[in-house]
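Heads up, the thing below is written out as structure tokens.
2 protein chains.
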Amino acid sequence: MAGPTITTVSEMLALDEPLLLDSGQSLAGVQIAYEAYGSLSPAKDNAVLLCHATSGDQHVASPHPITGKPGWWDRMVGPGKPIDTTRFYVICANVLGGCMGSTGPSSPAPDGQPYAMRFPVITIRDMVRAQVALLEALGIEKLYAVVGGSMGGMQGLSLAANWPHIAERVLCIGGTATMPAQNIAFQEVGRQAIMADPDWQGGSYYNTGKTPAAGLGVARMAAHITYLSESSLTEKFGRRLQNRNSKTFGFEADFQIESYLRHQGLTFSERFDANSYLYITRAMSYFDLAEENLSKGGGGRLADAFADTNARFCVVSFDSDWLYPTELSRGLAHALNAAGAPVSFVELSAPFGHDSFLLEVPELDRVVAGFLGQ
Amino acid sequence: MAGPTITTVSEMLALDEPLLLDSGQSLAGVQIAYEAYGSLSPAKDNAVLLCHATSGDQHVASPHPITGKPGWWDRMVGPGKPIDTTRFYVICANVLGGCMGSTGPSSPAPDGQPYAMRFPVITIRDMVRAQVALLEALGIEKLYAVVGGSMGGMQGLSLAANWPHIAERVLCIGGTATMPAQNIAFQEVGRQAIMADPDWQGGSYYNTGKTPAAGLGVARMAAHITYLSESSLTEKFGRRLQNRNSKTFGFEADFQIESYLRHQGLTFSERFDANSYLYITRAMSYFDLAEENLSKGGGGRLADAFADTNARFCVVSFDSDWLYPTELSRGLAHALNAAGAPVSFVELSAPFGHDSFLLEVPELDRVVAGFLGQ
Numbered sequence: 155m156a157g158p159t160i161t162t163v164s165e166m167l168a169l170d171e172p173l174l175l176d177s178g179q180s181l182a183g184v185q186i187a188y189e190a191y192g193s194l195s196p197a198k199d200n201a202v203l204l205c206h207a208t209s210g211d212q213h214v215a216s217p218h219p220i221t222g223k224p225g226w227w228d229r230m231v232g233p234g235k236p237i238d239t240t241r242f243y244v245i246c247a248n249v250l251g252g253c254m255g256s257t258g259p260s261s262p263a264p265d266g267q268p269y270a271m272r273f274p275v276i277t278i279r280d281m282v283r284a285q286v287a288l289l290e291a292l293g294i295e296k297l298y299a300v301v302g303g304s305m306g307g308m309q310g311l312s313l314a315a316n317w318p319h320i321a322e323r324v325l326c327i328g329g330t331a332t333m334p335a336q337n338i339a340f341q342e343v344g345r346q347a348i349m350a351d352p353d354w355q356g357g358s359y360y361n362t363g364k365t366p367a368a369g370l371g372v373a374r375m376a377a378h379i380t381y382l383s384e385s386s387l388t389e390k391f392g393r394r395l396q397n398r399n400s401k402t403f404g405f406e407a408d409f410q411i412e413s414y415l416r417h418q419g420l421t422f423s424e425r426f427d428a429n430s431y432l433y434i435t436r437a438m439s440y441f442d443l444a445e446e447n448l449s450k451g452g453g454g455r456l457a458d459a460f461a462d463t464n465a466r467f468c469v470v471s472f473d474s475d476w477l478y479p480t481e482l483s484r485g486l487a488h489a490l491n492a493a494g495a496p497v498s499f500v501e502l503s504a505p506f507g508h509d510s511f512l513l514e515v516p517e518l519d520r521v522v523a524g525f526l527g528q
Numbered sequence: 155m156a157g158p159t160i161t162t163v164s165e166m167l168a169l170d171e172p173l174l175l176d177s178g179q180s181l182a183g184v185q186i187a188y189e190a191y192g193s194l195s196p197a198k199d200n201a202v203l204l205c206h207a208t209s210g211d212q213h214v215a216s217p218h219p220i221t222g223k224p225g226w227w228d229r230m231v232g233p234g235k236p237i238d239t240t241r242f243y244v245i246c247a248n249v250l251g252g253c254m255g256s257t258g259p260s261s262p263a264p265d266g267q268p269y270a271m272r273f274p275v276i277t278i279r280d281m282v283r284a285q286v287a288l289l290e291a292l293g294i295e296k297l298y299a300v301v302g303g304s305m306g307g308m309q310g311l312s313l314a315a316n317w318p319h320i321a322e323r324v325l326c327i328g329g330t331a332t333m334p335a336q337n338i339a340f341q342e343v344g345r346q347a348i349m350a351d352p353d354w355q356g357g358s359y360y361n362t363g364k365t366p367a368a369g370l371g372v373a374r375m376a377a378h379i380t381y382l383s384e385s386s387l388t389e390k391f392g393r394r395l396q397n398r399n400s401k402t403f404g405f406e407a408d409f410q411i412e413s414y415l416r417h418q419g420l421t422f423s424e425r426f427d428a429n430s431y432l433y434i435t436r437a438m439s440y441f442d443l444a445e446e447n448l449s450k451g452g453g454g455r456l457a458d459a460f461a462d463t464n465a466r467f468c469v470v471s472f473d474s475d476w477l478y479p480t481e482l483s484r485g486l487a488h489a490l491n492a493a494g495a496p497v498s499f500v501e502l503s504a505p506f507g508h509d510s511f512l513l514e515v516p517e518l519d520r521v522v523a524g525f526l527g528q
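As they're listed, the protein sequences go chains A and B. For the first sequence, our numbering begins at 155 and goes up steadily by one. For the second sequence, our numbering begins at 155 and goes up steadily by one.
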């Protein structure tokens with residue numbers, strides 16, 4: 155694992171109490187790794203919780219400790235930026251189940267050995283449980299806002315549905331309240347790719363000197379295609395060849411898109427734990443706020459999930475996002491309307507597909523700044 | 155490999171002459187396995203060549219010898235069916251590079267051992283070369299029509315572009331004349347999944363008692379998602395659980411869609427050779443009739459590829475096909491128009507995505523019957 159030496163060290167919080175999970179299991183000794191930017195006001199009324207996506211982490215606006223690259227939302231978070239750290243106290247925690255410091259399958263179990271597949275299967279709500287515990291430890295009772303894209307948006311929705319008095323504003327970008335079948339399918343392919351790799355070894359690879367890098371790489375390649383739009387792939391790569399003038403009539407990466415995907419798979423395997431990928435995608439496929447409401451004894455409509463919230467919502471989709479298409483966001487906005495929640499919904503035009511929320515989309519900046527300015 | 159015992163035996167043709175391939179290599183001893191239905195008329199003017207898709211074979215309207223299932227276009231080909239075998243002599247050959255009898259990577263090389271990765275990389279045009287050699291051996295100089303869906307459609311286009319005087323009609327369903335970047339990307343994921351499987355063993359697995367079934371299964375799972383529409387997945391599976399009342403909080407196939415995909419991967423590995431999958435998807439990613447025309451010294455426009463053909467064309471797309479979307483078929487129809495070829499183009503409404511050409515779409519039956527009736 156080559157790379158620059160980075161000194162970014164996240165804050166660490168050890169939870170005093172075990173987390174009681176949706177599975178019924180209890181998880182003791184949970185640690186949460188987080189980054190914070192800006193200052194908490196004396197009234198503690200300026201906290202913004204950012205929730206990261208599947209392959210993200212707490213390094214929102216600080217260099218990534220493995221890759222050395224800028225934080226994943228560096229363009230959005232900082233002094234004078236749409237999420238203005240001179241005004242807001244911005245917190246982002248590595249999700250429960252993750253691999254960047256928060257407790258996950260690579261963490262030591264009580265017996266001192268890594269949990270591996272002994273780690274309990276978690277849900278999006280469990281991830282949010284850990285976030286809520288973090289807020290409590292920081293003495294933060296109210297959030298000015300919770301903000302997230304993709305799986306981050308789902309966490310924001312779960313917070314609003316299950317802890318309806320914490321967040322005053324919920325900004326959900328390219329998310330959904332119910333994971334649809336096609337996404338479950340792609341998530342399953344990723345997991346099967348990992349578990350088909352003999353180096354996965356039933357998940358117990360941590361002390362073997364091997365990791366299921368090939369399987370995780372394939373999982374990442376498949377997922378990465380779904381994050382981009384067809385037109386952006388055509389524009390960025392088309393059928394252009396990679397450092398050659400003609401096809402080789404072989405199985406090397408003749409095309410730029412092939413070389414790019416292989417690189418994506420390789421670098422992802424260098425920074426991400428395969429078991430974390432299993433658990434996080436499992437949590438996503440389980441995510442369905444309507445069903446969750448039903449199992450809590452509610453009416454089971456999506457709107458019922460938001461019956462108790464006083465938050466105002468902003469729901470954003472991108473016209474080129476085929477993985478979490480506008481239809482999902484529109485359905486969410488309708489449900490919020492039906493629940494009587496104030497909601498603004500906007501479909502932005504951006505060429506980059508699902509990844510648009512991470513990329514240069516000035517209109518998103520204005521939406522974010524505007525919603526947080528209210 | 156469990157399954158019923160089927161007695162379907164395809165016709166076999168051994169080519170006298172070596173095939174000179176696009177790579178510059180020469181392939182001797184080529185065998186072509188094919189099925190034929192109906193009778194060739196004395197004037198030899200009623201032959202219809204069917205070309206199969208990526209995972210298809212010559213068993214169009216006869217039971218598959220491994221799975222025992224009906225042929226892949228049983229609903230379309232037969233007496234009184236849209237491709238009427240009381241009227242037409244219908245031929246379908248396993249493609250060069252395939253694994254159902256035609257010469258491919260699993261076939262013996264001159265040294266008696268399987269070619270494995272010594273098999274030359276082939277193109278769609280090379281597949282058509284083999285088909286043309288078959289027609290010559292059968293004494294067929296003219297085709298009433300060439301018909302194919304997906305990769306089958308590409309072969310039809312290649313035939314029209316490179317042997318412009320053979321086919322009088324070309325019916326291309328859900329195809330393209332140029333493989334776009336997103337499809338190249340998905341094809342690469344499939345190959346990487348296979349090559350990441352240690353049982354692949356650099357392709358030389360034939361005498362080891364092992365096959366890269368897991369890798370090929372993952373490849374198939376990923377591909378299969380792309381063959382279906384999001385709405386058909388939602389309708390067919392949604393978030394329904396598989397033989398259980400609640401989630402297991404584990405990594406079993408809790409959801410029907412997960413179980414279905416695993417089954418697809420498993421059964422595909424039982425009937426298809428992984429190396430054939432590598433070679434066939436490679437041929438597809440290389441496919442670009444415009445570029446091919448340029449390399450032949452033509453003008454390099456897609457229309458130029460069809461400059462010499464006298465065929466009439468019918469181009470069909472499906473509105474729910476996001477893998478080979480209507481845009482590709484429309485571009486093809488425009489190019490054919492620009493080449494002065496008679497072409498009818500129709501986008502059919504069907505819910506099943508790319509796989510619509512294989513499924514119950516009565517309007518497709520009418521289009522096929524109508525085009526062949528002209």
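Positions of the beta carbon are idealized from the N, C-alpha and C atoms, including for glycine. Being a predicted model, the structure only gives us computed values, none of them experimental.
Could you tell me which chain A residues have their CB closer than 9 Å to the CB of residue i, listed as they occur along the chain?
| i | result |
| --- | --- |
| Pro259 (chain B) | None at all; the shortest Cβ gap to chain A is about 12 Å. |
Between residue i and residue j, which are expected to be in contact by the criterion C-beta below 8 Å, what is the C-beta distance as a whole number of angstroms?
| i | j | result |
| --- | --- | --- |
| Ser474 (chain A) | Ser439 (chain A) | With a Cβ gap of about 24 Å, Ser474 (chain A) and Ser439 (chain A) do not count as contacting. |
| Leu313 (chain A) | Val300 (chain A) | 5 Å |
| Ala368 (chain B) | Ala368 (chain A) | The Cβ separation is near 11 Å, so there is no contact. |
| Ser386 (chain B) | Gly507 (chain B) | 6 Å |
| Leu325 (chain B) | Phe525 (chain B) | 6 Å |
| Ala465 (chain A) | Arg241 (chain A) | In fact, because the Cβ distance is near 19 Å, the residues do not count as touching under 8 Å. |
| Phe472 (chain A) | Leu448 (chain A) | Incorrect: roughly 30 Å between the Cβ atoms, too far for contact. |
| Ala255 (chain B) | Ala187 (chain B) | Sequence inspection shows Gly at residue 255 (chain B); the Ala mentioned does not correspond to that position. Going by Cβ atoms, the distance from Gly255 (chain B) to Ala187 (chain B) rounds to 3 Å, so yes, they are a contact pair. |
| Leu486 (chain A) | Ala331 (chain A) | 5 Å |
| Cys205 (chain B) | Gln309 (chain B) | 4 Å |
Look at the Cβ atom of residue i, then the Cβ atom of residue j, and state whether they are nearer than 9 Å.
| i | j | result |
| --- | --- | --- |
| Glu446 (chain A) | Ala287 (chain A) | no |
| Asp519 (chain A) | Lys235 (chain A) | yes |
| Pro259 (chain B) | Asp458 (chain B) | no |
| Ile245 (chain B) | Glu189 (chain B) | yes |
| Ile220 (chain B) | Glu389 (chain B) | no |
| Asp176 (chain A) | Phe403 (chain B) | yes |
| Leu512 (chain B) | Trp226 (chain B) | yes |
| Leu490 (chain B) | Val497 (chain B) | yes |
| Gly306 (chain A) | Ala207 (chain A) | yes |
What residue does the alpha helix (DSSP H) around residue i start on, and which one ends it?
| i | result |
| --- | --- |
| Val515 (chain A) | Neither: Val515 (chain A) is in no alpha helix (DSSP H) and is coded neither H nor E. |
| Ser430 (chain B) | Ala428 to Ser439 |
| Ile379 (chain A) | Ala367 to Tyr381 |
| Val343 (chain A) | Ala335 to Met349 |
| Tyr188 (chain A) | Segment Gln185 to Tyr191 is the beta strand (DSSP E) holding Tyr188 (chain A); no alpha helix (DSSP H) there. |
| Gly485 (chain B) | Thr480 to Ala492 |
List, in chain order, every chain B residue whose beta-carbon is nearer than 7 Å to that of residue i.
| i | result |
| --- | --- |
| Phe472 (chain A) | Within chain B, no residue comes near Phe472 (chain A); the closest Cβ sits about 16 Å away, beyond 7 Å. |
| Val275 (chain A) | Phe403 and Gly404 |
| Phe391 (chain A) | Ala335 |
Given 8 Å as the limit, tell me if residue i has its C-beta closer than that to any heavy atom belonging to the ligand ATP.
| i | result |
| --- | --- |
| Val286 (chain B) | The ligand ATP is not part of this structure, which contains no ligands at all. |
Could you tell me the boundaries of the beta strand (DSSP E) in which residue i lies?
| i | result |
| --- | --- |
| Arg323 (chain A) | Arg323 to Ile327 |
| Arg466 (chain B) | Arg466 to Phe472 |
| Met281 (chain B) | Unbroken run through Met281 (chain B) is the alpha helix (DSSP H), Ile278 to Ala291; no beta strand (DSSP E). |
| Val202 (chain A) | Ala201 to Cys205 |
| Met166 (chain B) | Glu165 to Ala168 |
| Ser498 (chain A) | Val497 to Leu502 |
Which residues in chain A sit within 7 Å of residue i, going by Cβ to Cβ distance?
| i | result |
| --- | --- |
| Thr388 (chain B) | Pro334 and Ala335 |
| Ser177 (chain B) | Phe403 |
| Ala339 (chain B) | Ile379, Leu387, Ile411 and Leu415 |
What residues of chain A sit near residue i, judged by a beta carbon separation below 8 Å?
| i | result |
| --- | --- |
| Ile237 (chain B) | Going along chain A, no residue has its Cβ under 8 Å from Ile237 (chain B), so there is no contact; the nearest lies around 32 Å. |
So which residues on chain B does residue i lean against when the C-beta distance must stay under 9 Å?
| i | result |
| --- | --- |
| Ser312 (chain A) | Ordered by position in chain B, no residue passes the 9 Å Cβ test against Ser312 (chain A), which lies about 16 Å from the chain. |
| Arg484 (chain A) | Within 9 Å Cβ-Cβ: nothing; Arg484 (chain A) doesn't reach chain B, min ~15 Å. |
| Glu446 (chain A) | Here the premise fails: no neighbours, minimum Cβ distance about 11 Å. |
Check the Cβ of residue i against every Cβ in chain B and list those closer than 8 Å, keeping chain order.
| i | result |
| --- | --- |
| Val343 (chain A) | Val372, Met375, Ala376, Ile379 and Leu415 |
The region 263-279 of chain B touching the region 428-438 of chain B, judged by at least three CB pairs closer than 8 Å: yes
Cβ contact check for the region 407-425 of chain B and the region 370-378 of chain B: 3 or more pairs under 8 Å: yes
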